[in-house]
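K.L.:
The numbering of the sequence shown is the numbering used here, which starts it at 260 and goes up by one.
Idealized CB from N, CA, C, for every residue including glycine.
Please read these numbers as outputs of a predicted model, since none were measured by experiment.
Structure provided below as structure tokens; questions to follow.
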Amino acid sequence: VKGEIKWRREPFRLWAVQQLPELPGTRYFLESSGRGRCVQGFCECFPPFRGPLCEQLDPGEFDNARNFTAVLHYLTSDDADDIDDIEPSLTRLWTQYNRRFDYPVVIFNDGLSEENRRRIVAASENRIWFAYVDDYLAVPDMLTKDPHRRAMLDEVKWSLGYRGMCRFRSGTIFLQPVLRKFQYAMTLDTDGYFPSEVKSDPIEEMHVGGKVYTWSHLLPDLPGAVKHFWDYSLMYMRMKNIEPLGTPILRQFVREDDVQWSYQLYMNDIEIVLLDWFRSDPYQDYFRYLDSIGGFWLHRWGDHAVRTIAVGMWLPQDKVFEMNIPYGHQNYCRCSSPDLECVREGDRGGTPEKWWTCAPSATVEAA
Numbered sequence: 260v261k262g263e264i265k266w267r268r269e270p271f272r273l274w275a276v277q278q279l280p281e282l283p284g285t286r287y288f289l290e291s292s293g294r295g296r297c298v299q300g301f302c303e304c305f306p307p308f309r310g311p312l313c314e315q316l317d318p319g320e321f322d323n324a325r326n327f328t329a330v331l332h333y334l335t336s337d338d339a340d341d342i343d344d345i346e347p348s349l350t351r352l353w354t355q356y357n358r359r360f361d362y363p364v365v366i367f368n369d370g371l372s373e374e375n376r377r378r379i380v381a382a383s384e385n386r387i388w389f390a391y392v393d394d395y396l397a398v399p400d401m402l403t404k405d406p407h408r409r410a411m412l413d414e415v416k417w418s419l420g421y422r423g424m425c426r427f428r429s430g431t432i433f434l435q436p437v438l439r440k441f442q443y444a445m446t447l448d449t450d451g452y453f454p455s456e457v458k459s460d461p462i463e464e465m466h467v468g469g470k471v472y473t474w475s476h477l478l479p480d481l482p483g484a485v486k487h488f489w490d491y492s493l494m495y496m497r498m499k500n501i502e503p504l505g506t507p508i509l510r511q512f513v514r515e516d517d518v519q520w521s522y523q524l525y526m527n528d529i530e531i532v533l534l535d536w537f538r539s540d541p542y543q544d545y546f547r548y549l550d551s552i553g554g555f556w557l558h559r560w561g562d563h564a565v566r567t568i569a570v571g572m573w574l575p576q577d578k579v580f581e582m583n584i585p586y587g588h589q590n591y592c593r594c595s596s597p598d599l600e601c602v603r604e605g606d607r608g609g610t611p612e613k614w615w616t617c618a619p620s621a622t623v624e625a626a
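The following block contains the structure:
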């Protein structure tokens with residue numbers, strides 16, 4: 260059966276690589292049907308549709324067995340480093356998790372070469388769709404046309420593309436047409452991955468539990484990366500009559516003695532969200548307020564900071580879920596089993612050498 264499914268999907272994998280030129284009438288047909296869209300002179304299909312007019316179905320193997328819809332997504336550039344990262348990430352995504360659940364995978368991007376689209380599709384058996392982000396580097400005129408603010412833009416050490424990523428994942432990602440028909444979305448970074456098998460499905464656990472936000476781990480942010488973020492968030496809370504220490508979650512992140520943010524946050528290089536909540540107010544109202552300040556561009560305000568404070572302001576604790584899954588990202592690694600420990604792939608002859616894998620712990624091997 261597995262071999263038959265793989266064979267049947269091969270033509271769809273070819274369609275996944277193609278970037279179809281916009282032809283007269285195509286935009287109307289795709290957008291009125293809700294199966295895709297045209298942007299920047301080309302057209303793209305939304306999951307689960309494929310083909311020249313997005314008229315062919317490429318469904319997941321387990322779609323009919325679930326009473327909810329979910330999508331997994333990445334954001335990548337066309338740079339070689341990102342492509343070199345996303346290939347092994349997608350391979351691990353399939354072998355350690357998605358081969359048992361077959362969720363569609365959306366690759367957000369601001370332009371990819373055909374060669375890199377082909378590499379991404381060939382990296383795994385995941386069903387891949389590409390989604391172009393058309394306002395990714397749209398810095399507002401209030402910043403580019405004012406000499407003082409223009410100079411501030413150039414002083415930030417993070418690239419404009421990185422700051423565009425922070426803004427996109429803070430708010431506009433949830434409004435992307437490709438996500439419109441899904442209930443849940445799992446975020447992964449190009450260099451985020453599962454170092455061992457994910458035994459249970461955190462998306463299903465989230466759905467069964469009626470959760471709105473699911474996170475994996477906490478880490479502190481760099482104070483220099485969120486300059487003035489807390490000051491402007493306090494201003495927003497005053498405008499909306501929100502008490503900075505008024506919820507249990509806020510009290511986890513805000514110090515009681517001086518009402519200052521501790522810089523701790525939900526690291527959202529992996530997260531799962533209930534899309535309806537994040538594409539609606541009050542979350543989007545908070546994002547629009549922060550966006551109007553220009554802090555994503557001027558200071559690199561991070562999407563994890565926005566997510567943390569927004570969840571703290573409006574979600575009760577019983578709507579927030581900590582997933583217990585194996586996960587690796589840069590210098591962070593966790594194995595969800597006490598019998599396993601994180602070791603570098605290079606120490607065991609694997610690649611990428613600096614990535615983590617979960618191996619039997621020394622105490623288990625000794626026994």
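Leaving out five residues before and five after Phe321 in sequence, what residues of the same chain have Cβ atoms less than 7 angstroms from its Cβ?
P.N.:
Hits under 7 angstroms: Phe360 and Asp361.
K.L.:
For a test of the three-state rule: what should DSSP assign to Tyr542, helix, strand or coil?
P.N.:
Three-state result, Tyr542: helix.
K.L.:
Got a sec? Which residues, its chain only, sit under 6 angstroms from Ile552 by beta carbon, not counting five neighbours each side?
P.N.:
Same-chain partners within the cutoff: Tyr491.
K.L.:
Taking the beta carbon of Met401 as the centre, do at least 16 other beta carbons fall within 10 Å, making it buried, or is it exposed?
P.N.:
Under this definition Met401 is an exposed residue.
K.L.:
For His558, list the residues DSSP reports as bridge partners.
P.N.:
Bridge partners of His558: none, in fact.
K.L.:
Could you check how far apart the C-beta atoms of Tyr395 and Leu533 are, in whole angstroms? I think they sit under 8 angstroms.
P.N.:
So it is not a contact: roughly 24 angstroms between Cβ atoms.
K.L.:
Can you tell me which of the three DSSP states Tyr443 falls into?
P.N.:
Correct three-state label for Tyr443: strand.
K.L.:
I believe Ile342 touches Pro461 by the beta-carbon criterion, under 8 angstroms. Please report the beta-carbon distance rounded to the nearest angstrom.
P.N.:
Their Cβ separation, rounded to whole angstroms, is 27 angstroms, which puts Ile342 and Pro461 out of contact at 8 angstroms.
K.L.:
What does a CB cutoff of less than 7 angstroms around Ser595 pick up in its chain, not counting 5 residues either side in sequence?
P.N.:
Cβ within range, chain order: Asn583, Ile584 and Pro585.
K.L.:
Nearest by alpha-carbon distance to Ser418: which of Ile568, Tyr548 and Trp560 is it?
P.N.:
The option with the nearest alpha carbon to Ser418 is Trp560.
K.L.:
Nearest to Val467 by alpha carbon, out of Ser292, Val579, Glu414 and Arg286?
P.N.:
When each option's Cα is compared against that of Val467, the closest is Val579.
K.L.:
Just list the residues that DSSP pairs Asn368 with in beta bridges.
P.N.:
Its beta-bridge partners are Thr335 and Tyr391.
K.L.:
Leaving aside the five residues before and after Ala390 along the sequence, list all residues of the same chain whose C-beta is less than 6 angstroms from its C-beta, in chain order.
P.N.:
Here the set comprises Val365, Phe367 and Val437.
K.L.:
Could you name the residues of the same chain whose beta carbon sits closer than 7 angstroms to that of Phe546, not counting the 5 residues immediately before and after it, in chain order?
P.N.:
Taken in chain order, the residues that qualify are Ser429, Gly430 and Val565.
K.L.:
Since I believe Gln589 is in contact with Asp450 (beta carbons under 8 angstroms), could you give me their beta-carbon distance rounded to a whole number of angstroms?
P.N.:
Sure, about 6 angstroms apart at Cβ, within 8 angstroms.
K.L.:
Under a three-way DSSP split, which group does Val437 fall into?
P.N.:
Note: Val437 maps to helix in three-state DSSP.
K.L.:
Alpha carbons only, please: which of Pro406, Leu352 and Leu434 is nearest the one belonging to Val392?
P.N.:
Ranking Pro406, Leu352 and Leu434 by Cα distance to Val392 puts Leu434 first.
K.L.:
Pick out the complete beta strand (DSSP E) segments inside the segment 472-514, 3 residues or longer, and give them in chain order.
P.N.:
Fully enclosed beta strand (DSSP E) runs of 3 or longer: 472-474 and 477-479.
K.L.:
Which one or two residues does DSSP pair with His588 in a beta bridge?
P.N.:
DSSP output for His588 lists Gly451 and Tyr591 as bridge partner(s).
K.L.:
For Ala625, collect the residues of the same chain with a Cβ closer than 7 angstroms to its Cβ; drop the 5 residues on either side in sequence, then sort them by chain order.
P.N.:
Bear in mind that a pLDDT of 48 at Ala625, under 50, signals an unreliable position, so the number given afterwards is only what the model happens to contain. Correct list: empty, nothing qualifies.
K.L.:
Between Val623 and the rest of its own chain, which residues show a CB-CB distance below 6 angstroms, the 5 nearest in sequence each way excluded?
P.N.:
Note that Val623 scores a pLDDT of 48, beneath 50, so its modelled location is shaky; the value from the coordinates is reported in the next line. Here the set comprises Asp598.
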